[in-house]
Structures are given as structure tokens and as C-alpha cells.
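Report on the structure given below.
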Amino acid sequence: MRFTTLTFLCFFILTYVSFWSVPRRVRPALLLFASILFYAAWSIPFTLHFLGIVVLSHFLIRPMLKNKSRLLLGLVLTLNLGNLFFFKYFYLFLQIVHDASGLALFSREGFNRYLLDLTGEGSIVLPLAISFYTFQITAYAVDVFRGQIKTNHSLMHFSLFIFFFPQLVAGPIMRESDFFWQIKENKSDRKSLESGMALLATGLLKKVVIADNLVTGVNAVFLNPSAFGWQANVVAALGYSIRVYCDFSGYTDIARGCGRLLGFELPENFRGPYLSASLREMWQRWHVTLSTWLRDYLFIPLGGSRAGPIRTQMNLVLAFTLGGLWHGANYTYIAWGFMHGLLLVLERPLRTFKQSLAWPAWLDRSLWPFRVFIVFGFFTVGTLFFNAPDIAHTWLMMQRIVLLAAGPVGPAHELILNLLPVCFLLNYLEYSNKISVRLAALPGTVRVLLLTLYGLLTVALLGRFAPGGNDFIYFQF
């Protein structure tokens, strides 16, 4: 059930009206039922599987509130990470073994034939939201073991925390402190209603009007880079940078808007990442909840920056490489994560050198646009790995760009170039909160009038430019 469908609109309206119509004590149960129904619309068997994982995890975690048992923690992690490995990474494991051994027995096709004969299913299906709910359960279990969670949350509240439908499929990845207190103190007011509606409209514009209109043109070049010139390959990479930002931040806006309408404040996931003046800053602004998860549950447990400079650099590269692997079971994602980890390692001494120069503030401000350009350029280079079907396509695109290969421009060439400043404008609105603060200070009638006009504009643009339904990019993760 995609956020951009009429089915979801009807589902959400029914949930919204029911939620605020029933007594407060009934609302968590109603919301859990709606969230399970939301997931079941995709697959009933996988809903039962998901419920089993949640229930079993809860009963393994619960005793750790009194007994910080490493065995129980190990069982929870084995259950959830083993579940993730089988459904998401088993084929990658087969590919690695096949590439190393050359044996047809370990090929994907050979395994699928065996699976078909054994079960009647032709392949392993990736359950929706598996990466996100695995990270959320894992963080909760680790926080209980560390003693950071002391409350004995009920099975229903724990299940709602994992199943909560606005953020279930693609985040933001929530922590215990983000959500549970809102179950009892859940409330809504006029400003949260207005801002929730504005987030919904903004998310739909980003996703449907911008991101979905770039799919065909961008993919045409990524799938066949040799058919296009170097300009088309560069612009396609820029187009994917626009698309992935508008698609994912658009999903987050819709998720946060739905949550706010139901009285829940979800964590911010994007803070104008394309206006970052350093790679470190960019990862503090892009997919914030994943970046902080990798920091708290991977980088710091590995030793963080406490074990000397060399070990710190190794930990940083390893954390980002595993972060790349989290995105998908493909060599391209591993290379993408490794590249960003390596760039962050190379940036650290440059940052130290810059601080030693003690530049005046005016010079730092003058160089800011140049630094933003460099950081965005590195991010765009990374899309050559992130969106390519395999490493061979990535190298081919890089080769055509470096050699300035001749060829036609892509089918969305002008559209991408026209949308690039729009993308940066959207980043500015996230990067600076001046506009939102000023809007919030306006009289209520003025805010309602502006929201009405914004809603009408959104409907008009959706009616004019909606190209047809496309899944959100992060649904595949």
C-alpha cells in the first residue's frame, strides 16, 4: 500500500477518523490493528512471519530488564540478523561462493531450481521493511542490555513501536525514546495539524512531481551508458542525486506528516544534506537515523575514535562499508559504502589542517559554495555505484565521463538540469528553519489560507505531472 495511492488515502482517512473518535485507552490497539492491516495489504504470510519475529523478540528481550544476559541478547540478535541474512543476503553469499569456486552448484539459478523442487517457490522473496524493522528491534534489544531502557513495555506497545505504519516501510528508524512516551501523551493541536498537512503536500510534490518523472530518463542511461555521451552520463548521475533525495525525503515528509496528524512526532531524517560543506556534515544531514544508528551500534562498539587514529579510520571505513551492505545485497552497495568511508577518512586530516590555519570567518563563508559543490560532486559520483545494476556498468559510466566520450544526450537531459535548482531550493528549506519559524508566527487565519493555496497548488501539480505509480526507492532495502 504505497503512500501515493488512492487506497492509502482512504485507509489513512478511515484510520485518522477512527483514531480520534475512540477513547484514549483504545487508541494504541486501534493503531496497531491498522498498522498490521497496512502490512497485510502487501502479504498476509509475511505479516504472520513479521508478527512472529516481533512477539518472539519481545519475550526474549523482556527478561533482560532484570538479567543483562548475553545469551538472551545473542538469541535476539541471532533471530533478527539471521532472518535478515536469509532473506536479504543469502543470494549475495551464494554469489561470493560461486565467484570464488566457479561451481554451478552455488549459482543463483541452480539454487532457485532446487528451491522450486523443494517448496514450489522459484526464489527467496525479500519481505517489505525487513532492514528497517531489524535495525529497530536490534537497537531496542541492545539499549535494554545496556540499561538505557528500564521500562517494561507491554507486548502491544512494543508491537506498535515496530509496526507503526507511517514509518514502517522506510523509516525513520526510531529509538525507544522517540516513541513510547508519545503513546500515553499523544495529542494534536491546530499547528500540528497544519504542519502535518504541509509535510504531506511537500512529500507528494517531491515524490510524484519530481522523483517519479526522473525514473525513465535516468534509468535509460544507467542501464545502457555506452549508448550515450559523457554529458548524458554526468547529467544522469545528477538526475539520480535529485531523484533519490526527493524520493526518500519525500517519503520521510509523508511519514512525518501522517505521524503528526495522528499526534506522533517522528524523528527528522533529512536536514538539507546537499548544502553540506563537508562529507562529515552531509552524513549528519542525510538519512540521519541510519547514520546515528551506525554510529551508536556499530562504530562506537568497534572502538569508535578511542583506539588510536589507525583503528579509528578502520572502524569508520568498516562502519560505512557495512552501511552500504545494509542498503542492498550487491557489490555496488559495498563499493558505495567503502567509497564514502574512505572519503571520510581522507577528509579528517584536511579538517584538522583547516582548523590549524585559523581562517577568518569571512574567508570560510566565501569558500562555502565551493565546498558545497565539492561535497555534492562526491555524492553524485557515489550514485554511479548506488544506482548501477552492477560494477561493470559503474566502470563503463566512469570511463565514458573521464574520456569525454561522444554520443547523444539522455531523454531527460533538460528536465534534470531544470530540476537541479529546485532540488537545492528544497534542501535550503530543510537546511534553514527561518521560513518555517516565520510561517508559524503568522496569525491562524493567514496560515490556513496559505495552507489551502499550497494544497490547491499540490493537487494541480499532481494532476498535471503525475507520471504513474512508482515504488519508493528505499522499499527495496
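Just so you know, the sequence shown maps onto residues 28 to 504 in the numbering used here.
Cβ atoms here follow ideal geometry from the backbone N, Cα and C, with glycine treated the same way.
Quick check on residue 248: buried or exposed, where buried means 16 or more other Cβ atoms within 10 Å of its Cβ? buried
Grab the span of the alpha helix (DSSP H) containing residue 421 for me, first residue to last. 418-429
How many Å lie between residue 114 and residue 120 at the Cα? 11 Å
What are the start and end residues of each continuous beta strand (DSSP E) run of 3 or more residues lying completely inside the region 466-490, in chain order? none
If you pair each beta-carbon of the region 347-354 with each one of the region 313-327, do three or more pairs fall below 8 Å? As far as the Cβ criterion goes, the region 347-354 touches the region 313-327, which means the pair count is three or higher.
Using 8 Å as the threshold, is the C-beta distance between residue 92 and residue 177 below it? yes
Using 8 Å as the cut-off, can you tell me whether the region 399-415 makes contact with the region 228-241, which would need three or more C-beta pairs spanning the two stretches below that distance? no
Determine the burial state of residue 571: buried for a count of at least 16 other Cβ atoms within 10 Å of its Cβ, exposed for fewer. Outside the modelled stretch of the chain, which goes from 28 to 504, sits residue 571, for which no answer is possible.
Measuring CB to CB, does residue 24 end up less than 8 Å from residue 439? The first residue shown for the chain is 28 and the last is 504, placing residue 24 beyond what the model contains.
Kindly indicate the opening and closing residues of the alpha helix (DSSP H) around residue 535. Since the first and last residues shown for the chain are 28 and 504, residue 535 lies out of range.
Out of 106, 72 and 184, which one is the CA nearest neighbour of residue 57? 184
Determine whether the beta carbon atoms of residue 274 and residue 39 lie at a separation below 8 Å. Residue 274 places its beta carbon 8 Å or farther from that of residue 39.
Tell me the DSSP secondary structure of residue 295 in three-state form. coil
Burial state of residue 168, where buried means 16 or more other Cβ atoms lie within 10 Å: buried
So is the beta-carbon of residue 477 under 7 Å away from any non-hydrogen atom of the ligand SAH? Absent from the structure shown: the ligand SAH. Ligands present: none.
DSSP three-state call for residue 366: helix, strand or coil? In the three-state DSSP reduction, residue 366 falls in the helix class (H, G or I).
Just to confirm, are residue 227 and residue 149 a CB contact at a threshold of 8 Å? no
Does the region 371-380 come close enough to the region 299-319 that 3 or more CB-CB pairs lie under 8 Å? Contact holds: three or more Cβ-Cβ distances are below 8 Å.
Considering only the beta carbon of each residue, do residue 233 and residue 31 sit closer than 8 Å? no
Pick from 288, 268, 280 and 290: whose alpha carbon is nearest that of residue 296? 280
Would you be able to state if there are at least three C-beta pairs under 8 Å between the region 154-164 and the region 68-85? yes
Alpha carbon to alpha carbon, what distance is there between residue 151 and residue 516? As displayed, the chain neither begins before 28 nor continues past 504, which places residue 516 out of reach and without an answer.
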